[in-house]
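Read through the structure below, which is laid out as structure tokens, and then see the notes.
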Amino acid sequence: MDHLEAVVHVRGHKPQSVVLRRGGPGPLQLYRIQDQLTHPGGLGWVALHRDRRRCHGTSDAGEAALLMVAFAPPRVPHRGHLGGGRDILQHLPRMAFKGPGVEVRGTQAVQEDPPLLLGPDPGAVHHRRGLAGHRFLHRDDRQRHLLPAVKADSREEESMVWERADVVCIHRVNVKGEPSPEDIRRGARELLEAMHPIPRGGVIVKPNITVPAPPDSGIITHPSFVEGIVDYFDGLGSEVIVAEGGGSGDMSEYWQKSGYADLARRRGIKLVNLNFDEPVRVPIEGGKVLKEVRVARTMVEGKYLVNAAKLKTFLLGEASLCTKNLMGVVIPQRERWFCKEWMLKGMAISREERDERRRELLTSRLREEAEVFFHRVCDLALVIRPSLNMIDGIVAREGTGFFRGRNIPVGLAVAGVNPVCVDAVASYLIGLDPSQVGVLRVATERGLGTNRIEEIKVYQAVDGELRMCRDIEGLVHRQSLSPIRSYPL
Numbered sequence: 000m001d002h003l004e005a006v007v008h009v010r011g012h013k014p015q016s017v018v019l020r021r022g023g024p025g026p027l028q029l030y031r032i033q034d035q036l037t038h039p040g041g042l043g044w045v046a047l048h049r050d051r052r053r054c055h056g057t058s059d060a061g062e063a064a065l066l067m068v069a070f071a072p073p074r075v076p077h078r079g080h081l082g083g084g085r086d087i088l089q090h091l092p093r094m095a096f097k098g099p100g101v102e103v104r105g106t107q108a109v110q111e112d113p114p115l116l117l118g119p120d121p122g123a124v125h126h127r128r129g130l131a132g133h134r135f136l137h138r139d140d141r142q143r144h145l146l147p148a149v150k151a152d153s154r155e156e157e158s159m160v161w162e163r164a165d166v167v168c169i170h171r172v173n174v175k176g177e178p179s180p181e182d183i184r185r186g187a188r189e190l191l192e193a194m195h196p197i198p199r200g201g202v203i204v205k206p207n208i209t210v211p212a213p214p215d216s217g218i219i220t221h222p223s224f225v226e227g228i229v230d231y232f233d234g235l236g237s238e239v240i241v242a243e244g245g246g247s248g249d250m251s252e253y254w255q256k257s258g259y260a261d262l263a264r265r266r267g268i269k270l271v272n273l274n275f276d277e278p279v280r281v282p283i284e285g286g287k288v289l290k291e292v293r294v295a296r297t298m299v300e301g302k303y304l305v306n307a308a309k310l311k312t313f314l315l316g317e318a319s320l321c322t323k324n325l326m327g328v329v330i331p332q333r334e335r336w337f338c339k340e341w342m343l344k345g346m347a348i349s350r351e352e353r354d355e356r357r358r359e360l361l362t363s364r365l366r367e368e369a370e371v372f373f374h375r376v377c378d379l380a381l382v383i384r385p386s387l388n389m390i391d392g393i394v395a396r397e398g399t400g401f402f403r404g405r406n407i408p409v410g411l412a413v414a415g416v417n418p419v420c421v422d423a424v425a426s427y428l429i430g431l432d433p434s435q436v437g438v439l440r441v442a443t444e445r446g447l448g449t450n451r452i453e454e455i456k457v458y459q460a461v462d463g464e465l466r467m468c469r470d471i472e473g474l475v476h477r478q479s480l481s482p483i484r485s486y487p488l
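Numbering-wise, numbering that gives the first Met the number 0 puts 254 at position 255 of the sequence shown, and it's gapless, one number per residue.
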């Protein structure tokens, strides 16, 4: 079933018949009706989850509109996907979507027990991620929206738990041997399908493309991982762009060699070179080292920002993940290098010299300069706050974080709201001690998140839904990854 006949009621206008048509693949289905409405504004779109029994809607003209309805009819299958290409509409013959001023009803009898409405508060001035200008109401507020209480399923209440700062979601992709591009693409898409983020407006994906390296180098965020992100948001009708500022002003070689130029051609995606973007000066309240920073205007335009980092160890600070990935938004480039040049050169040593020279390098000067670097990264994190942080760990990189090292198939995708918590979980799952990852230690001390695993709630994507992970130890990769201790630059 790919459509539903319905009637839309908007306050001050006559009821109007519409057809809700499927808008994309996957468990989240979009039903667009805006072009069928004769009156201004009203309900812009409706999204139904086959495996979640809830829908979202929005009003482009500011009318009081439906945002989310949680259904709880006992006859509806609940666990996993419905399978066989069937849509949940087949299992909801009696239903009603209703909100203040907006009502959408199925052509069959209306469900006897009205659903629980979680809708927009007209007086709200703060925003919820992905739905700016609205907040989800507490059940005690429902009387104002003319709907009696209906107890939502406990699994339904957990469906948006990932939006909490102390929650990190992971997805294990079963890979045999060398993961294929489709394995990598599937890892990102399936994690997002389990989380169900709903952006409002366009989406910006910021990958890690620090050097012009091939897709399978393990140094950059694999373009197939980003394509999985595109699959999900494109299915929602969101415009997606990819933005990055590599180590060179001209990104042409970076786009071509990394496979992103091919991705852009195939999917019609715009690639934005942040190096040539207009700089915007942003003050940093509470900055320890940086009191202000200039960042690319593209990154502060209010779009839904997905920070897509690569899972790899790093010659300075153990790991290079989401928090550090934000450095690419700083322009001009000369202001982006938070490391001192002598620090990087000093670490480019041969294996024979490694032990002796490493002792010499670990002087108070190096430790002090490293602390400055960690604080600079944390200062930037105060002003650039992605809507969603993701890590491509289907294939992880062990070594310096650049060309010296080796790739290790891990089959891991990680995501969450707080980059520090996301990085802590990812580090832990590849055998690193998050308390020893410099950036995470400083970020925890400054209250930007936590690197203490026991304080983070981990959920795993299983069969299209999020389930609390009771045994994170069992998910740690059997082979711990090592930073510079094993490889010179």
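Where is the CB? At the ideal position from N, CA and C, for every residue including glycine.
inquiry  = Within 8 Å, do at least three Cβ pairs link the segment 186-196 to the segment 223-230?
reply    = yes
key: Coil, strand or helix - ARG469 by DSSP   = coil
query = For VAL475, is the classification buried or exposed, using 16 other Cβ atoms within 10 angstroms of its Cβ as the cut-off for buried?
reply = exposed
task = Measure from the alpha carbon of ILE197 to the alpha carbon of each residue in ASP182, PRO213, THR209 and GLY236, then state which is nearest.
result = GLY236
ask   = Grouping DSSP H, G and I as helix and E and B as strand, with all else coil, what is GLU277?
value = coil
message = Let me make sure I understand the geometry here. Which of PRO282, GLY404, ALA308 and LYS290 has the alpha-carbon closest to that of VAL299?
response = PRO282
inquiry  = In the DSSP output, what is THR312 paired with across the bridge?
reply    = ALA318
query = Of all the beta strand (DSSP E) runs that stay within the bounds of the segment 416-440, which reach a length of 3 or more residues?
reply = none
inquiry  = Spatial neighbours of ARG85 within its chain, please: C-beta separation below 6 Å, excluding the five flanking residues on both sides.
reply    = Confidence at ARG85 is low in this model, with a pLDDT of 28, below 50, so the placement of that residue should be treated as unreliable; the coordinate-derived value is given next. For ARG85, where only same-chain residues beyond five positions count, there are no Cβ hits under 6 Å.
query = Can you name the start and end residues of the beta strand (DSSP E) that LYS205 belongs to?
reply = 202-205
task = Could you name each continuous alpha helix (DSSP H) segment of 4 residues or more that falls completely within the segment 214-273, going from the start of the chain to the end?
result = 222-234, 251-257 and 259-266
ask   = Excluding the five sequence neighbours on either side, which residues of its own chain have a C-beta within less than 8 Å of the C-beta of ARG451, listed in chain order?
value = ALA423, PRO433, SER434 and THR443
inquiry  = Along the chain, where does the beta strand (DSSP E) containing GLU192 start, and where does it finish?
reply    = It is not in any beta strand (DSSP E) - GLU192 instead sits in the alpha helix (DSSP H) that spans 180-194.
query = With distances taken from CA atoms, which of THR220, VAL288 and ARG280 is nearest LYS256?
reply = THR220
ask   = Under the three-state reduction of DSSP, which class applies to HIS170: helix, strand or coil?
value = strand
ask   = Ordered along the chain, which non-local residues of its own chain (more than five positions away) have a Cβ less than 8 Å from that of VAL493?
value = Absent from the model: residue 493. The displayed extent of the chain is 0 to 488, so no value can be given.
key: Pairwise C-alpha distance: VAL438 and THR449   = 11 Å
query = If we ignore side chains and look at the alpha-carbon of each, how far apart do LYS309 and PRO213 end up?
reply = 14 Å
request  = Spell out a yes or no on whether the segment 288-302 and the segment 266-273 are touching, meaning 3 or more CB-CB pairs, one atom from each, closer than 8 Å.
outcome  = yes
query = Can you name, in chain order, every residue of its own chain whose Cβ lies under 8 Å from the Cβ of PRO489, other than the five neighbours on each side?
reply = Lying before the first or after the last residue shown, residue 489 is absent from the chain, which here runs from 0 to 488.
key: Run of the beta strand (DSSP E) containing GLU397, from where it starts to where it stops   = 387-398
inquiry  = What does DSSP give as the partner residue(s) for ASN306 in the beta ladder?
reply    = LYS205 and ASN388
VAL299 - containing beta strand (DSSP E), residue span = Premise fails: VAL299 is in no beta strand (DSSP E) and is neither H nor E.
query = Going along the chain, which residues of its own chain have a beta-carbon closer than 6 Å to the beta-carbon of GLY286, five neighbours each way excluded?
reply = ASP378
message = Assuming contact is defined by CB atoms lying nearer than 8 Å, are ALA318 and VAL436 in contact in what I supplied?
response = yes
request  = Please classify ARG375: does DSSP put it in a helix, a strand, or coil?
outcome  = helix
ask   = What whole-angstrom Cβ distance do ASP165 and LYS456 have, given they're in contact under 8 Å?
value = 6 Å
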